[in-house]
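Notes follow the structure.
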Amino acid sequence: MTLELSHKRELVAKQDDIDKMNLVLEELKEQLSETQATLGETEAELLFTQDELAEVYHECDELDAQLTDTKLDLMRKNEQLNVVSSALIQYQHIFYEGGNNMYSNF
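As numbered in our numbering, the sequence shown has no gaps in its residue numbers, which increase by one up to the final residue, 121.
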């Protein structure tokens, strides 16, 4: 009988261990579910952030194109100003020389 009682105690102890392990397993399952939910939320936020980032890149591309157009426009206007400036300098020399010639005739 003592052998049988000892065996029953071992089985009860093993069952207690199994019950404790099952509780730990249930806690781990809950933690896993929470982690998966958090991961799903994080993934949704990441997708939203990626969409926002794509919009920002698109806007940057548009701004870069506008900047390039503005630079080209300014370069053309600068070239036109250089032409006008050269013409004004030539006219200034002509009028200066003409003015000197006019006064030297007197």
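Note that beta-carbon positions come from the ideal geometry of N, C-alpha and C, so glycine has one too.
query, result
"Is the CB of histidine 22 under 9 Å away from at least one CB in chain D?", "Absent here is chain D; the protein component of the structure consists of one chain."
"Got a sec? Which residues, its chain only, sit under 8 Å from lysine 29 by beta carbon, not counting five neighbours each side?", "none"
"Just the C-alpha distance for valine 39 and leucine 18, rounded to the nearest angstrom, thanks.", "31 Å"
"When the Cα atoms are used, what is the spatial distance from glutamate 25 to glutamate 45?", "30 Å"
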